[in-house]
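Reading through the structure tokens given below for one structure.
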Amino acid sequence: IPVGAAAAIAAAFNTPLAAVLFSLEEIMGDLHAPVMGAVVLASATAWMVLRMLLGNHPLFKVPQYQLVSPAEFAVYAVLGVAGGLVSVAFTKLLLGMRARFLRFPQNTVWFQPVAGGLLVGVVGWFVPQVLGVGYGFVGDALNGNMAFKMMLLLVVLKLLTVTTSYASGNAGGIFGPALFIGAMLGGTVGTVAHRLFPAYTATPGAYALVGMGAAFAGIVRAPMTSVLMIFEMTQDYAVIVPLMIANLVSLFIASRLQHEPIYEALAVQDGIHLPTSETRRRYGQRQVRKVMQTASQLLPAENTVREALERVRSSASRTWLVTDRRGVIGVVNLAKLEQERAEGADKKVGDLVDALAFPHVHSDQGLDLALERMGANQIEILPVVSRADVHKLEGIVTLRDVLDAYGVT
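Numbering (the working numbering), first residue to last: 4 to 412.
Structural data, given as structure tokens:
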């Protein structure tokens, strides 16, 4: 995955160095990962093929950047604040809309892309600049050839159309839209700053360039990749310091207001839980896979609370897993069922759980984490699920199994 990502990014954006850094910084989370050699080779090879076919030209042609006054650094910090807020808006809007689409009934899946495409089409009918990747318009903003009102309008409309398109199941993307929105945002801030302080600020195009990096850093959470990518796309080294200032501010604000990075949140919405560096460090210690067993305490989501109570009371186990056609979707215990019976014994068991966020563990996680989650949710059984599909049940781990593993009788 990191090798393929490096090759694709190097070819798509003509940024071989940024491709390597992104694969190691974001995908692997380790700049000294063992795959570094393969990542470098893939990126260099993809870039060589690109250069042979299309020539060695930067993605955007921009005028030479110059710092007009040291006071500009304050304006770039303000741009970083704006970039961070827009990044948070993009992430929350995308995740919120996507979560809503995922909760719609299964029989509406075919219609969801139609609804998203219809909205994008209507907006594009009146403002065609929002359609496509829009690199031509980004180039206009970088060279100061776009009107202030149009750039401000495109920040809002691109934010809406991209998130709607992506959430509804259509093509959307994150890399390209982040650069587009950032350029329009930077051009907007730069236009305002240049009108207020013409003698102390550069042209709006310089701010559009820095805005691209600020939005990318806030959305993707890869600040160093952002700096290197903007440099490679424009081949202008002089913009590095303003980029670093805006990126740092944008990253700080985005990480404070949206704790979970966008790629991790999207994976979780799809039921994919990737291992963290902490999980890797725990490898070889007491792990769930060593004590997990086959699941037997299963309750169909279609069962009513009354039916579920009859099954649970006749069993020695007081905790049961709730399943539907997707697999496991939650955990209920006897206390929860008895509490819900007072409100409505005919309620479906599936309505008592949250299929997107329910207590579980993965087979490579530690028993200490399993014990912690059992205590937090007051349950005696945890489902062990696949990292590639949170609903795919691999087994269960019980409180008794965990205590036995620690020698507690």
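Positions of the beta carbon are idealized from the N, C-alpha and C atoms, including for glycine.
First and last residue of the uninterrupted alpha helix (DSSP H) at residue i
i: I177; result: Per DSSP, I177 belongs to no alpha helix (DSSP H) and is neither H nor E.
i: N250; result: I243 to L260
i: W128; result: Q115 to F129
i: D327; result: That residue, D327, is in no alpha helix (DSSP H); its beta strand (DSSP E) goes T322 to D327.
i: L70; result: Counting along the chain, L70 falls outside any alpha helix (DSSP H), and DSSP gives it neither H nor E.
i: L372; result: L370 to N380
i: L20; result: P19 to F25
Cβ neighbour criterion (16 or more within 10 Å) applied to residue i
i: T297; result: exposed
i: F234; result: buried
i: K64; result: exposed
i: K293; result: exposed
i: Y409; result: exposed
i: G40; result: exposed
i: P207; result: buried
i: S168; result: buried
i: T111; result: exposed
i: I382; result: buried
Cα-Cα separation between residue i and residue j, rounded to whole angstroms
i: G189; j: G330; result: 46 Å
i: G398; j: V387; result: 5 Å
i: F183; j: V117; result: 24 Å
i: E375; j: V192; result: 48 Å
i: D371; j: G274; result: 23 Å
i: M232; j: A21; result: 5 Å
i: Y266; j: V223; result: 8 Å
i: M187; j: W113; result: 33 Å
i: V123; j: G139; result: 19 Å
i: M100; j: S317; result: 42 Å
i: L163; j: S258; result: 21 Å
i: M272; j: N173; result: Reading off the sequence shown, one finds Gln at residue 272, where the question assumed Met. If I take the Cα positions, the gap works out to 16 Å.
i: M153; j: W128; result: 15 Å
i: T204; j: L121; result: 41 Å
i: V17; j: L324; result: It is worth fixing the name first, because residue 17 is Asn in this sequence and not Val. Going from the Cα of N17 to the Cα of L324 covers about 50 Å.
i: A202; j: V71; result: 8 Å
i: R321; j: P303; result: 16 Å
Residue i - containing beta strand (DSSP E), residue span
i: P386; result: I384 to V388
i: P303; result: L301 to P303
i: E397; result: L396 to T401
Own chain residues within Cβ distance below 7 Å of residue i, not counting five before or after
i: L160; result: V126, V130 and V133
i: M247; result: V230
i: V411; result: none
DSSP-derived helix/strand/coil call for residue i
i: Q290; result: strand
i: D143; result: helix
i: T111; result: helix
i: G330; result: strand
i: K64; result: coil
i: Q238; result: coil
i: G335; result: Here residue 335 is Val; the residue named in the question, Gly, does not match the sequence. Looking at V335 - three-state DSSP - the assignment turns out to be strand.
i: R167; result: One point to set straight first is that residue 167 is Thr, not Arg, in the sequence displayed. Reduced to three states, the DSSP call for T167 is helix.
i: T307; result: strand
i: K350; result: coil
i: V364; result: strand
Close beta carbons around residue i, own chain, < 8 Å, minus the five adjacent residues each side
i: D357; result: G333
i: S366; result: Q290, V291, R292, M295, V387, E397 and G398
Spatial neighbours of residue i in its chain, beta-carbon cut-off 6 Å, leaving aside the 5 residues before and after
i: A34; result: The sequence given here has Leu at residue 34, not Ala. Contacts found: L27.
beta-carbon residue i near the ligand MG non-hydrogen atom, thresh 7 Å
i: P264; result: The ligand MG is absent from the structure shown, which contains no ligands of any kind.
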